[in-house]
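Notes for the one structure printed next.
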């Protein structure tokens, strides 16, 4: 029984502070949307794919051991792609105004599980710049890996297409607004409960009975000054009429 009453009181409190809760939630979503659209810089991603194999004779078929060796070398290739030996040439050829460390932070390299295909992705606020960096890095790696590891069997499977009309990968505006909605709703509910906790106002006789533990015997209604004045005038008029009647009758 106590739990049912507590739930009812909780729902009553939330209904009482509903405007406050909705207001806080709406403001949280609005602020997050404005910040996402107008203050956060959109970031685009361009990607290219490479296939790297060890040199071998055309007549010799691939052996399972060779494939496994190539797979184990993928991590090595991933490190080489982001090394100064490759990126310094990329910066020079594209005349980029950044250091190797800054360029490394824009590049991510990986491969699918049990695959010899290397995925090279570049993120930048300018999509054309990101695509140029991705394509140039793949090109430089293909030419330099011959000197570094004596590997001359590198194929560029796909290039980043500058003519694409991509959507930014960051910020994820809808996700941010959804999170803001949840956070704003929780904040609104928390503030409403906190205000109710510190609110000592007694609103009805039921709360008095619950507070002091004795029944309420009577209620004194409140009247505003205008109604009180009208009532006094009515009483005065009635008394004057009664007095005039008694005087005439006498």
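Numbering (the numbering used here), first residue to last: 84 to 333. Built from N, CA and C at the ideal position, the CB exists for glycine as well.
May I ask you to report which of helix, strand or coil DSSP gives residue i?
i           : result
residue 277 : helix
residue 61  : With the chain covering 84 to 333 only, the question about residue 61 has no answer from this structure.
residue 142 : Reliability fails at residue 142, whose pLDDT of 45 lies under 50, so the model's placement of it is uncertain and the value that follows must be treated cautiously. Residue 142 falls in the coil class under three-state DSSP.
residue 134 : strand
residue 238 : strand
residue 253 : strand
residue 107 : helix
residue 190 : strand
residue 123 : coil
residue 245 : coil
residue 268 : helix
residue 158 : helix
residue 284 : coil
By DSSP's criteria, residue i is part of a beta bridge. Which residues make up the other side?
i           : result
residue 197 : DSSP, once it has assigned bridges, lists no residue as partnering residue 197.
residue 128 : 206
Pick from the options: whose alpha carbon is nearest that of residue i?
i           : options               : result
residue 206 : 177, 234 and 214      : 214
residue 168 : 230, 280, 272 and 246 : 230
residue 97  : 271, 282, 281 and 264 : 271
residue 342 : 216, 199, 200 and 163 : As displayed, the chain neither begins before 84 nor continues past 333, which places residue 342 out of reach and without an answer.
residue 211 : 114, 243 and 101      : 243
residue 257 : 178, 208, 119 and 94  : 119
residue 124 : 253, 267, 221 and 240 : 253
residue 336 : 269, 95, 209 and 221  : Because the chain here runs from 84 to 333, residue 336 falls outside it and cannot be looked at.
residue 228 : 89, 114, 136 and 202  : 136
residue 233 : 273, 218, 255 and 160 : 160
residue 156 : 199, 129 and 186      : 199
residue 221 : 208, 201 and 209      : 201
Could you give the distance in angstroms between the alpha-carbon of residue i and the alpha-carbon of residue j?
i           : j           : result
residue 195 : residue 107 : 44 Å
residue 183 : residue 110 : 42 Å
residue 204 : residue 251 : 14 Å
residue 173 : residue 245 : 18 Å
residue 261 : residue 117 : 14 Å
residue 188 : residue 276 : 45 Å
residue 93  : residue 121 : 39 Å
residue 175 : residue 185 : 14 Å
residue 197 : residue 132 : 15 Å
residue 191 : residue 128 : 10 Å
residue 170 : residue 255 : 29 Å
residue 99  : residue 265 : 20 Å
According to the neighbour-count rule (16 or more other Cβ atoms, all chains shown, within 10 Å of its Cβ), is residue i buried or exposed?
i           : result
residue 280 : exposed
residue 165 : buried
residue 89  : exposed
residue 226 : exposed
residue 219 : buried
residue 163 : buried
residue 273 : exposed
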